[in-house]
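Be aware that the sequence shown starts at 15, since it is given in our numbering, and climbs by one per residue.
All C-beta atoms, glycine included, are put in the ideal place defined by N, C-alpha and C.
Just so you know, these numbers come straight off a predicted model, no measurement behind them.
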Amino acid sequence: MIDLNHGSGCNYGEAAPRPPVAAAVSYAIDAALTARNRAERPRTYVSSSGLGRDCLRQIQYDFLAVPKDAGQEFEPRILRIFEAGHRAEDIVAGWFRIAGFDLRTERPDGRQFGFESMAGRFKGHIDGCFVSGPVAMDYPALWENKALGASSWKDVVKRGVSIARPVYAAQIALYQAYMDLPNPALFTALNRDTMELHAELVSFDARLAQEMSDRAVTVVQASAAGEWLPRMATEPTAVVCRGGMAGGKWHAPCAWAERCWRGGGV
């Protein structure tokens with residue numbers, strides 16, 4: 015019997031046609047990434063990477079591993095971006111080493127260099143430290159790397175990391191302080207779309223480091239006392255809650271906005 019519908023994708027005897035291979039592969043990978051992310055143990059400490067966010071309550075929700083609002087878990091696409099950013103560190107580190115830099119990114123046991131304070135309730139892990147290299151700069155120097163989309167990358171190149179991405183600047187200042195690396199840090203940003211590399215030196219901002227450290231103490235102490243810290247916003251439609259640009263700063267949508275405005279607590 016001639017199958018005049020051989021190009022339709024339909025398989026006789028099955029309830030529904032199988033998806034194209036691209037969709038099937040993506041579904042399998044996305045399901046695996048989602049399952050892996052859900053299986054990861056939540057952090058039990060204030061992370062230096064998020065202390066630069068404007069809203070103290072948002073940082074507190076993160077520290078206490080409060081469940082996110084329905085539909086606010088990371089999408090598989092975002093999980094892929096996170097993993098690509100992590101892999102980008104290895105790529106850029108390799109470029110530096112080929113160029114003759116002595117870049118240390120891990121301890122002899124394979125763990126990242128980092129710090130912890132307040133009995134382990136405040137931690138941070140650095141991308142690396144330059145010990146020496148062919149470029150005239152002060153060594154040793156902290157290394158912080160980010161992989162960014164084209165739009166974010168161009169903004170960082172145009173305005174500098176401290177203005178374009180103050181959350182990163184806060185992270186750098188904390189690392190410089192706690193790792194005792196006061197020399198200007200070398201910040202690099204890899205354009206994920208073009209693989210262009212931006213580099214800039216970031217002077218140590220002791221005031222910013224102290225401010226961020228004080229924030230960590232505030233979050234830990236308030237949480238231990240069962241107190242909720244104040245919101246940054248005065249209404250749920252504020253950019254800091256729903257996400258977007260405001261005052262030249264990008265705010266990611268808050269994953270706890272609904273819970274926060276519904277009652278604030280767990």
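Please classify residue i: is it buried, with 16 or more other beta-carbons within 10 angstroms of its beta-carbon, or exposed?
i	result
I73	buried
E158	buried
V234	buried
S227	buried
D123	exposed
D169	buried
I43	exposed
L215	exposed
I140	buried
Need the endpoints of the beta strand (DSSP E) that residue i sits in, please.
i	result
K137	F136 to H139
D44	Not the beta strand (DSSP E): D44 falls in the alpha helix (DSSP H), residues V35 to A53.
K160	A155 to L162
A199	A199 to N205
C255	Element bounds for C255: not the beta strand (DSSP E) but the alpha helix (DSSP H), V253 to R256.
V216	L211 to V216
A118	First, the amino acid is wrong: residue 118 is Arg here, not Ala. Per DSSP, R118 belongs to the beta strand (DSSP E) from D116 to R118.
S176	Unbroken run through S176 is the alpha helix (DSSP H), V175 to A178; no beta strand (DSSP E).
F127	Note, F127: premise wrong, no beta strand (DSSP E); not H, not E.
Name the DSSP beta bridge partners of residue i, please?
i	result
C268	The partner list for C268 (beta bridge, DSSP) is empty, contrary to what the question assumes.
H100	Paired residues: none, contrary to the question.
F144	L117 and A155
A260	K263
V60	F136
Can you give me the Cβ contacts of residue i inside the same chain, cut-off strictly under 6 angstroms, excluding the 5 residues immediately before and after it?
i	result
A187	D219, L222 and A223
C268	Q72 and C255
L47	P90 and L93
A236	L243
H212	V171 and A203
G99	A161
S146	D116 and Y153
E272	D83
F110	L117
Taking the C-alpha atoms as reference points, what is the distance between residue i and residue j?
i	j	result
R91	A38	15 angstroms
R276	G258	22 angstroms
R125	E103	15 angstroms
A230	V35	47 angstroms
A164	A239	43 angstroms
G64	R101	20 angstroms
R118	C274	41 angstroms
R52	A266	21 angstroms
G138	T232	17 angstroms
Q190	L156	7 angstroms
G85	P148	48 angstroms
G108	F88	29 angstroms
M246	R173	25 angstroms
E241	C69	15 angstroms
L78	A45	26 angstroms
Determine, for residue i, whether the minimum Cβ-Cβ distance to residues of chain D falls below 8 angstroms.
i	result
L222	Note that chain D does not occur in the displayed structure, where there is just one protein chain.
Tell me the residue span of the alpha helix (DSSP H) that contains residue i.
i	result
D87	Position check: residue 87 holds Glu in this sequence, whereas Asp was assumed. Careful: E87 lies outside any alpha helix (DSSP H) and carries neither H nor E.
F77	L70 to F77
E225	A220 to A238
Once you ignore the five residues that flank residue i on each side, which residues in its own chain have a CB closer than 7 angstroms to its CB?
i	result
A260	V253
K263	P180
D152	N197 and P198
E136	The sequence given here has Phe at residue 136, not Glu. Correct list, in chain order: Y59, V60, E130, A230 and V234.
P250	A271 and W275
G142	A107, L117, R118, T119 and W157
P56	A79
Just to check, is the beta-carbon of residue i closer than 7 angstroms to a non-hydrogen atom of the ligand NAD?
i	result
Y153	Among the ligands in the structure shown, none appear at all, so the ligand NAD cannot be discussed.
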